[in-house]
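Numbering (the numbering used here), first residue to last: 3 to 418.
Notes follow the structure.
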Amino acid sequence: MPPSSPAQPAATDRYQVDSSYAVLRLCITLVLMIVGASGMYVMAVVLPAVQAHFQVDRGLASMPYTLTMLGVGVGGLFMGRMADRYGIMRPLLLGGACLGAGFIAAALAPNIWCFMAAHCLLIGLLGTACTFSPLVADTSLWFRKRRGIAVAVCASGNYLGGALWPPIVQHFVDSVGWQQTYIGMGIACSLIMCSLALLMRARPPVQDSATVTARPGGGPRPFGLAPGSAQLLLCVAGVACCVAMAMPQVHIVAYCGDLGYGPARGAQMLSLMLACGVVSRLVSGAICDRIGGLRTLLLGSALQGLSLLLFIPFDSLASLYLISALFGLFQGGIVPSYAIIVREYFPAAEAGQRVGAVIMATMFGMALGGWMSGKIFDLTGNYHAAFANGIAWNLLNLSIAVLLLTRVRGMQLRAA
3 MPPSSPAQPA
13 ATDRYQVDSS
23 YAVLRLCITL
33 VLMIVGASGM
43 YVMAVVLPAV
53 QAHFQVDRGL
63 ASMPYTLTML
73 GVGVGGLFMG
83 RMADRYGIMR
93 PLLLGGACLG
103 AGFIAAALAP
113 NIWCFMAAHC
123 LLIGLLGTAC
133 TFSPLVADTS
143 LWFRKRRGIA
153 VAVCASGNYL
163 GGALWPPIVQ
173 HFVDSVGWQQ
183 TYIGMGIACS
193 LIMCSLALLM
203 RARPPVQDSA
213 TVTARPGGGP
223 RPFGLAPGSA
233 QLLLCVAGVA
243 CCVAMAMPQV
253 HIVAYCGDLG
263 YGPARGAQML
273 SLMLACGVVS
283 RLVSGAICDR
293 IGGLRTLLLG
303 SALQGLSLLL
313 FIPFDSLASL
323 YLISALFGLF
333 QGGIVPSYAI
343 IVREYFPAAE
353 AGQRVGAVIM
363 ATMFGMALGG
373 WMSGKIFDLT
383 GNYHAAFANG
393 IAWNLLNLSI
403 AVLLLTRVRG
413 MQLRAA
C-alpha cells in the first residue's frame, strides 16, 4: 500500500456533514453572500439618482431592479446546475468576474437601456446569481443536525449585505456620484469573490433521503401531491410572498424622498430593515429546527402581512423607522424556510434543482413587485395602492402555506 494511503481516510473524514470544515465553509459562504448581495440592493439606493441622470419616469427607473431579480432567478438555475456538475468554485469564479464587470459596464452605460442590460445579464444572471440559491442549496447538504440554523446563517448573509451596502453606497453616491461608486464596487466585489471562491473547492458529501421518506407528506408524493404539483405550489408561494416583500425593500428610499425626508433617511431605513432581517433569519432558522419549515413559513407570512398593513396609516419619520424594523424582523425567515421545506419533503438528490426553482420564483416575485410598485405609483401618484397590492399578494402566500400544512396534518391523522 502506498505510504500516502493511511492518510486518505483522515482527509475524507474532514469533509463530512456537520464537521468543523462545514462550519468553516459556512463562514466563507456568509462573506460571499454579503458581497454578492450588492447586486440586489444597490439599485434601491441609486434609483433616484439614476432616474434623474437618465431623465425617465419612476416605473422605467425601477426596471433595472426588476431585470436584475429576473436575472438572479434564472441564473440561479444555471449556476446550480454548474455547481452540481463541477462544484461551487467555478460558478463563484464566473460570478465574481461578471459582477465586477457588470458594475463597471452600468457606470459607463450611455442610456437606460444599456444600464438595464448590464444589470440583467452581468450583475444578475451571471453575477449575484452564483451567491444565492446555489450557496443555500450547497449549505443544506453540509448540515443535518442544525440544518435550519445553518441555512439561516447562509441566507442571512444576503440581508446582512443589504444592511451594510445601502449606507455605504449612499455615502459614496453623495460624495463622488453613483457612477464612480459603481466602478469602485465592481473592482472590490470581483477581487473579494474570486479570492474566496478558491477556498470552496470541496464537493458536498452525499446524503440519503431517509429523513424525507420518514416524514409524513415527504417521499415520492410530497404533501400527498405529485412532485411537480408540490413544486408548483411552492413556486407560486415564493412569487406571492416576494411581490409583497419587494414594496418596502425596493421603494423605501424613493418613498422617503417623496414624503420630504430625503433619500438618506430612506437608505437608513432600508439598512435597518435588512439588519433586522438578519436577526429574523437566525431566529427563524432556530424555529425551523424545532417546528419545521412549513410552520415557519406560515408564521413569517402572517407577520409580514401585518407589518405591510402598518405602512398605510403611518407615515411619520419615527413610525417609518419603527415599521421598517418590524418588517425586517417579521419577514426575514420566509425565503430560507423554502429551502428547509424542500429538504424536508423532497429527496436530497433533488435539492439543488428544486431549491433553485423556488428561489427563482422568489426572485421573480421581487422583480415583479419592484416593477408593479413603481408602475402603481406612476398611475396613482402615491404608494398607498402599492402597499395594498402587496398585502393582497401576501394573502395568497398565506393561503398556500395553510393549504400545505393542512394536507400534512391530514396525512398525519390518517397515519395515526
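Every residue gets a Cβ at the ideal spot worked out from N, C-alpha and C, and that includes glycine.
Bear in mind that the values here come from a model prediction, so they are computed numbers and not experimental data.
Original post:
Pick from L324, L28, F379, S40: whose alpha carbon is nearest that of Y184?
Top reply: S40
Original post:
Under the three-state reduction of DSSP, which class applies to W180: helix, strand or coil?
Top reply: helix
**OP:** List the endpoints of the continuous alpha helix (DSSP H) containing F379.
**Re:** 353 to 382
**OP:** Identify which residue in I125, P93, N113, R148 has its Cα closest to the Cα of G104.
**Re:** I125
Original post:
Do the stretch 96 to 110 and the stretch 131 to 151 make contact, defined as three or more Cβ pairs closer than 8 Å?
Top reply: yes
Original post:
Are the Cβ atoms of V138 and L28 separated by less than 8 Å?
Top reply: no
Original post:
Among L235, G302, L198, G295, which has the Cα closest to the Cα of A246?
Top reply: G302
Subject >> Three-state secondary structure assigned by DSSP to V76 >> reply: helix
Original post:
L322 to Y385, Cα distance in whole Å?
Top reply: 14 Å
Original post:
Hey, A248 and P168 are a contact pair by Cβ (cut 8 Å); roughly how many whole angstroms apart?
Top reply: In fact, because the Cβ distance is near 15 Å, the residues do not count as touching under 8 Å.
Original post:
Smallest Cα separation from L45: which of A388, G372, F366?
Top reply: Reading off the sequence, residue 45 comes out as Met, not Leu. Answer by Cα proximity: G372.
**OP:** Could you name each continuous alpha helix (DSSP H) segment of 4 residues or more that falls completely within the stretch 205 to 292, going from the start of the chain to the end?
**Re:** 212 to 216, 229 to 261
**OP:** Go ahead and label D59 buried or exposed: buried means 16 or more other beta carbons lie within 10 angstroms of its beta carbon, across all protein chains shown.
**Re:** exposed
Original post:
Considering only residues of the same chain and omitting the five flanking positions on each side of G354, which have a CB-CB separation below 6 Å?
Top reply: G82, D86, A139
**OP:** Count the other C-beta atoms from every protein chain shown that fall within 10 angstroms of the C-beta of C116, then say buried if there are 16 or more, exposed otherwise.
**Re:** exposed
**OP:** Spell out a yes or no on whether the stretch 401 to 413 and the stretch 258 to 276 are touching, meaning 3 or more CB-CB pairs, one atom from each, closer than 8 Å.
**Re:** no
**OP:** Assuming R283 and S158 form a contact by the criterion Cβ under 8 Å, report the distance between their Cβ atoms to the nearest whole angstrom.
**Re:** 4 Å
Original post:
So, using beta-carbon positions, are W395 and A277 closer together than 8 Å?
Top reply: no
Original post:
Helix, strand or coil: which one does DSSP assign to L69?
Top reply: helix
Original post:
If M35 and G164 are in contact, beta carbons under 8 Å, what's the gap, nearest whole angstrom?
Top reply: That pair is no contact at about 10 Å.
Original post:
Is the distance from the Cβ of M365 to the Cβ of G75 below 8 Å?
Top reply: yes
Original post:
The alpha helix (DSSP H) spanning W395 covers which residue range?
Top reply: 386 to 417
**OP:** Could you tell me if A228 is buried or exposed, where buried requires 16 or more neighbouring beta carbons within 10 angstroms of its beta carbon?
**Re:** exposed
Original post:
Taking the alpha-carbon positions, what's the L79 to V171 distance?
Top reply: 29 Å
Subject >> Distance, L110 Cα to Q182 Cα >> reply: 9 Å
Original post:
Between L62, C191, V252, which lies nearest to G367 when the distance is taken from Cα to Cα?
Top reply: V252
Subject >> Close-in-space but distant-in-sequence residues of the same chain around V360 (CB under 7 Å, 5 per side omitted) >> reply: L236, C237, G240, Y340, V344
Original post:
How many Å lie between A108 and D260 at the Cα?
Top reply: 26 Å
Original post:
If we ignore side chains and look at the alpha-carbon of each, how far apart do P207 and A152 end up?
Top reply: 16 Å
Original post:
Which two residues bound the contiguous alpha helix (DSSP H) that contains P50?
Top reply: 40 to 56
Original post:
In three-state DSSP terms, what is Y17?
Top reply: coil
Original post:
In terms of alpha-carbon separation, which member of L328, L193, L69 lies closest to F313?
Top reply: L328
**OP:** For M91, I'd like the list of residues in its chain whose CB is within less than 8 Å of its CB, leaving aside the five on either flank, ordered along the chain.
**Re:** A199, L200, M202, R203
Original post:
Rounded to a whole number of angstroms, what is the C-alpha to C-alpha distance between L127 and A418?
Top reply: 47 Å
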